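First comes the structure, then the notes that go with it.
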């Protein structure tokens, strides 16, 4: 217990540190009119965390602090708060994150097939299925996704592409593109066969052709 007392009339003071919870009782005596004495009692309950300051009373008094004392009202409120926290439950619903299709590219030569493996990922780790959205304009696709074989059209060289999506069983990904480059190759020339008929000892002319 800590007590402060000031005998100087009207200057009773008490100091309380921040975070201290205490109950205090002040008794003051003051002279009343006609020479009579009047006694007043003051009871304070300090439940919150008071600021660090000097508290001054208007009459001479003794102020006694009992550190650690918590009144019943505060105890009841604290118990109710604890019970409320214990009774509070949270329901967390699982939200599906959509899968992600990954763009890609491939390169091949004229008339030469190339294997293309489609790629995708899912934040929730779900198994994915692959769906072709638009096929290539200058070739064909074969096989079972995600392993696809692209075959360029005959004698075609240049850019080509197709698009696809992935699905996790609940949602589709955004559409992505596979870009394909078909390189030109030097094709060997082809001589065109032909036949001519003539008589014995008589010449005949012929024009050779090829491509």
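Numbering (the working numbering), first residue to last: 715 to 925. Note that beta-carbon positions come from the ideal geometry of N, C-alpha and C, so glycine has one too. Fair warning: this is a prediction, and the values are worked out from it, not measured in the lab.
Following the DSSP letters along the chain, one finds residue 866 inside the beta strand (DSSP E) bounded by residues 861-866. With contacts defined by Cβ atoms closer than 8 Å, residue 879 and residue 847 form a contacting pair. The beta carbons of residue 873 and residue 894 sit closer together than 8 Å. Under a 10 Å Cβ-count criterion, residue 854 is classified as exposed, with fewer than 16 other Cβ atoms of the shown protein chains found around its own Cβ.
A residue is called buried once 16 or more other Cβ atoms fall within 10 Å of its Cβ, and residue 834 is buried on that count. In this structure, residue 815 and residue 830 do not form a Cβ contact; the two beta carbons are roughly 13 Å apart against a cut-off of 8 Å. For residue 857, the enclosing beta strand (DSSP E) starts and ends at 853-858. Residue 862 and residue 877 have their C-alpha atoms spaced approximately 12 Å apart.
Cβ neighbours of residue 881 within its own chain (closer than 6 Å, five residues either side excluded): 843.
Going by beta carbons, residue 904 and residue 864 fall outside the 8 Å limit.
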